[in-house]
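A.B. asks: According to my numbering, the stretch in the sequence shown is residues 9 to 225, in order.
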Amino acid sequence: DKQTDSPEALHYDEVREFSVLEHALMRRGYDLVTWVALTVATVAIALALFHLYVAVFGTPQSRAFRSTHLTGMMVLAVLLFPLGRKSWRDRPATPLQWGMFGIDALLVFAVLAVQVYTLWDLDAFSQREGELIESDLWMGFLLIFLVMETTRRSVGLPMVIVTSFFVVHSLYADKFGGFLYGPPTSVTKYIDILFIRSEGMFGIPISVAATYIVLFI
Numbered sequence: 009d010k011q012t013d014s015p016e017a018l019h020y021d022e023v024r025e026f027s028v029l030e031h032a033l034m035r036r037g038y039d040l041v042t043w044v045a046l047t048v049a050t051v052a053i054a055l056a057l058f059h060l061y062v063a064v065f066g067t068p069q070s071r072a073f074r075s076t077h078l079t080g081m082m083v084l085a086v087l088l089f090p091l092g093r094k095s096w097r098d099r100p101a102t103p104l105q106w107g108m109f110g111i112d113a114l115l116v117f118a119v120l121a122v123q124v125y126t127l128w129d130l131d132a133f134s135q136r137e138g139e140l141i142e143s144d145l146w147m148g149f150l151l152i153f154l155v156m157e158t159t160r161r162s163v164g165l166p167m168v169i170v171t172s173f174f175v176v177h178s179l180y181a182d183k184f185g186g187f188l189y190g191p192p193t194s195v196t197k198y199i200d201i202l203f204i205r206s207e208g209m210f211g212i213p214i215s216v217a218a219t220y221i222v223l224f225i
């Protein structure tokens, strides 16, 4: 058989998928899906401009910069990967799906609440390293849950299972055997490291992601 790569012999079954912004602008009227699309587009554009500004003029206070990056990404993850629906383009059609949408809305507000709590008095927040108050513990637990949930939606359950194992191991390392045995970490110290200090969730990996990797996406 004679093979050819002439234009007449080539055939591609390509389906063009509209962006979130195009989807919002093309819809007639303002229903729930349109508002979700506009919200996603607004957050995504604001994040892009924010990171470009930082790339040109330099990073602000490191904790504020990294937490803003994480907050924006988690909001996008909640809205783009909704509960109970295959896609954000699908309008809730049943009471259960409307309930799931309500949970999504609560998660978005929870993400924003953690960010406001962190930035409200950032200097005082940073100075509480090693001396957490009760609200720090609750907000730390909430942030860990939100990160795990947005990871489950965007990456998948296996990553959450692996992460959960190491969370349990950090708190109860003395209950494990063999090479997994070690000194346990108290809950207060664990939240302190992950939530308050710069060695946890707001350490080098998210710094690299927010400073360099995001510019190539």
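For every residue, glycine included, the Cβ atom is placed at its ideal position computed from N, Cα and C.
Counting Cβ pairs, one atom from each stretch, are 3 or more of them under 8 Å apart for the region 53 to 68 and the region 188 to 200?
C.D. replies: Cβ pair count under 8 Å is below three, so no.
A.B. asks: May I ask you to report which of helix, strand or coil DSSP gives T67?
C.D. replies: Numbered from 1 along the sequence shown, position 59 holds the residue referred to as residue 67. Correct three-state label for T67: coil.
A.B. asks: Please go through the region 138 to 172 and give each complete beta strand (DSSP E) segment of 3 or more residues, from N-terminal end onward.
C.D. replies: Counting whole runs of 3 or more residues, the region 138 to 172 contains no beta strand (DSSP E) stretch at all.
A.B. asks: Do you know how far the Cα of F149 is from the Cα of S70?
C.D. replies: One-based indexing of the sequence shown puts residue 70 at position 62. One-based indexing of the sequence shown puts residue 149 at position 141. Cα-Cα distance, rounded: 22 Å.
A.B. asks: Which same chain residues end up closer than 8 Å to Y180 when comparing Cβ atoms and leaving out the 5 residues on each side of it in sequence?
C.D. replies: Residue 180 sits at position 172 when you count from the first residue of the sequence shown. Closer than 8 Å at Cβ, skipping near neighbours: P192.
A.B. asks: By a C-beta neighbour count over all protein chains shown, 10 Å radius and 16 as the cutoff for buried, is M147 buried or exposed?
C.D. replies: Residue mapping note: residue 147 aligns to position 139 of the sequence shown, counting from 1. Result: buried.
A.B. asks: Is it the case that the Cβ atoms of I105 and R93 are separated by a distance below 8 Å?
C.D. replies: Along the sequence shown, one-based indexing puts residue 105 at 97. Along the sequence shown, one-based indexing puts residue 93 at 85. First, the residue type needs correcting, since residue 105 is Gln and not Ile in the sequence shown. Contact flag set, yes.
A.B. asks: Count the CB pairs spanning the region 192 to 207 and the region 134 to 142 that are closer than 8 Å, and state whether there are at least three.
C.D. replies: These segments touch.
A.B. asks: Flag this pair as touching only if the region 154 to 161 and the region 113 to 127 have three or more C-beta atom pairs under 8 Å; answer yes or no.
C.D. replies: With the cut-off at 8 Å, the region 154 to 161 and the region 113 to 127 touch.
A.B. asks: Find the nearest neighbour of I199 within the set T171, P100, E142 and A49, judged by alpha-carbon distance.
C.D. replies: Along the sequence shown, read from residue 1 onward, the residue named residue 199 stands at position 191. Out of T171, P100, E142 and A49, E142 has the C-alpha closest to the C-alpha of I199.
A.B. asks: Our contact map puts T42 next to L87 with C-beta atoms below 8 Å; I'd like the distance itself, whole angstroms only.
C.D. replies: If you number the sequence shown from 1, residue 42 lands on position 34. If you number the sequence shown from 1, residue 87 lands on position 79. Contact flag wrong, Cβ pair sits at about 13 Å.
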